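Numbering (the numbering used here), first residue to last: 6 to 402.
Even for Gly, the Cβ is constructed at its ideal location relative to N, Cα and C.
It should be emphasised that the depicted structure is a prediction, and the values quoted were computed from it without experimental measurement.
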């Protein structure tokens, strides 16, 4: 199965404001034994005892956050950095840049840090926006691309995705670019959000490598660290080949669990980095000292990152078991969230879950009848699964 794209009627920012009162403390402490063991996930060292939420401490599965929290080593590094937060991080950004460049096997000059990958989206669009530029994307994808394209008054050209599988229509996007006389910005989120699915890398790489005239590609890989599909490769390989028409975006918000630290980066050729930098300012001026130090510690904590990925796999298994039992269609997830069908209006389902202290995702038109569910800890997902079973008895899902 797959996904589609179209500007959501309610973007993340407005949803955050409307649901802010629900976002109490992060710690959920009541534990009881539970069902839904998960079909085949590795569970070494991963606690999965059921978590019971409360009104003050709901289970938050709406914003694709990493419920495990930051690596303990990253937390320690951030705390130790607080006394030095009155200083700019000029002296420490080079170390983080070295680690990130090494991870992607590129040179340090190919990395530009931004305050979260969302600002990288903004800067990349701003860097190539003209009155004639068209913005080509699937009609169901991460809303910030469409949001910023609108800010810079680009000509919007959303390409309908397959309404059965929600797969993005790459051929349709190619035709949109080939048939347009002016410049194009192509925005590809892979794995896609909100659909959670992977578009095979080979056709994307071939299209980018063909270098269509006056076209820049933004490849948003916020969820790449969760992917297990053999059809997927990060687009950083294109940068290593010297492709000067692609900007690859990454974030520390997901597997590193640093959403609140606002740490992201782009990977591109030296010339592209220099061009986009004009719309960001020097990166050491846009990211925080505690964020830099936490990033340095987290990227080196391979054990925690591996555990985080295993925890996500276990949580996904728990929910897939539940959705299978409920006979609710779910797209093949390669992320830290699921996109599944429901049998009632989303607003009613949100209310039912909220009454049981679970906050699920917002609407993503045109995908009516679908719900995006972030994968929390295994213990949280056991409670979510149990709650969904109870709702089915009352025909509320």
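Beta-carbon separation (whole angstroms), residue 374 vs residue 346, contact threshold 8 Å: Mapped onto the chain shown, residue 374 falls at position 369. Mapped onto the chain shown, residue 346 falls at position 341. Between residue 374 and residue 346 the beta-carbon gap is near 6 Å, inside 8 Å, which marks them as a contact.
Identified DSSP bridge partners for residue 345: Residue 345 sits at position 340 when you count from the first residue of the chain shown. Residue 345 is bridged to 335 and 376.
Span of the beta strand (DSSP E) around residue 119: The residue labelled residue 119 in the question sits at position 114 within the chain shown. First-last of the beta strand (DSSP E) with residue 119: 116-119.
Per DSSP, the bridge partner or partners of residue 222: Translated into positions along the chain shown, residue 222 becomes position 217. Looking at the DSSP assignment, residue 222 forms a beta bridge with 191 and 251.
Identity of the residues DSSP links to residue 140 by a beta bridge: Counted from its first residue, the chain shown places residue 140 at position 135. Residue 140 pairs with 161 and 190.
Residue 93 and residue 139 closer than 8 Å at C-beta: Here residue 93 corresponds to residue number 88 of the chain shown, with the count starting at 1. Here residue 139 corresponds to residue number 134 of the chain shown, with the count starting at 1. Cβ distance not < 8 Å, so residue 93 and residue 139 don't count as in contact.
Neighbourhood of residue 306 by C-beta, 6 Å cutoff - its chain only, sequence neighbours within 5 removed: Residue 306 sits at position 301 when you count from the first residue of the chain shown. The residues are 76 and 78.
Backbone CA spacing between residue 103 and residue 282 [nearest angstrom]: What you label residue 103 is simply residue 98 of the chain shown in a count that begins at 1. What you label residue 282 is simply residue 277 of the chain shown in a count that begins at 1. Spanning the two alpha carbons is a distance of roughly 18 Å.
Cβ pair residue 58, residue 363 closer than 8 Å: Indexing the chain shown from 1 puts residue 58 at position 53. Indexing the chain shown from 1 puts residue 363 at position 358. Yes, these two residues count as a Cβ contact at 8 Å.
Where the beta strand (DSSP E) containing residue 271 begins and where it ends: For the purposes of this step, residue 271 is taken as residue 266 along the chain shown, with counting starting at 1. Element bounds for residue 271: 269-272.
Inter-residue Cα distance where the pair is residue 261 and residue 227: Taking the first residue of the chain shown as position 1, residue 261 is located at position 256. Taking the first residue of the chain shown as position 1, residue 227 is located at position 222. Using only the alpha carbons, I get a separation of about 11 Å.
Inter-stretch contact (C-beta, 8 Å, three-pair minimum) for the segment 307-326 and the segment 139-150: no
8 Å Cβ shell around residue 292 - same chain, five flanking residues per side excluded: Mapped onto the chain shown, residue 292 falls at position 287. Closer than 8 Å at the Cβ level, and outside the excluded window around residue 292, lie 94, 98, 118, 119, 120, 267 and 268.
Inter-residue Cα distance where the pair is residue 169 and residue 201: Residue 169 sits at position 164 when you count from the first residue of the chain shown. Residue 201 sits at position 196 when you count from the first residue of the chain shown. If you take the alpha carbons of residue 169 and residue 201, they lie about 15 Å apart.
C-alpha gap between residue 175 and residue 279, whole angstroms: Here residue 175 refers to the residue found at position 170 when the chain shown is read from its first residue. Here residue 279 refers to the residue found at position 274 when the chain shown is read from its first residue. Using only the alpha carbons, I get a separation of about 29 Å.
Sheet register partners of residue 323 (DSSP bridge): Stepping through the chain shown from its first residue, residue 323 is reached at position 318. In the DSSP output, where bridge partners are listed per residue, residue 323 has none listed.
C-alpha distance - residue 128 paired with residue 394, whole-angstrom precision: In the chain shown, counting from the first residue as 1, residue 128 sits at position 123. In the chain shown, counting from the first residue as 1, residue 394 sits at position 389. Rounded to whole angstroms, residue 128 to residue 394 spans 44 Å at the Cα level.
Cutoff 7 Å; reference residue 277; Cβ partners in own chain excluding five residues on either side: Within the chain shown, the letter at position 272 stands for residue 277. Same-chain partners within the cutoff: 249 and 252.
Those residues which DSSP pairs with residue 65 across a bridge: Translated into positions along the chain shown, residue 65 becomes position 60. For residue 65, which the question treats as bridged, DSSP gives the partners 364.
According to DSSP, residues forming a beta bridge with residue 256: For the purposes of this step, residue 256 is taken as residue 251 along the chain shown, with counting starting at 1. For residue 256, which the question treats as bridged, DSSP gives the partners 269.
Separation of residue 155 from residue 378, as counted between CA atoms: Position 373 of the chain shown, counting from 1, holds the residue named residue 378. Position 150 of the chain shown, counting from 1, holds the residue named residue 155. Answer to the nearest angstrom: the Cα atoms are 27 Å apart.
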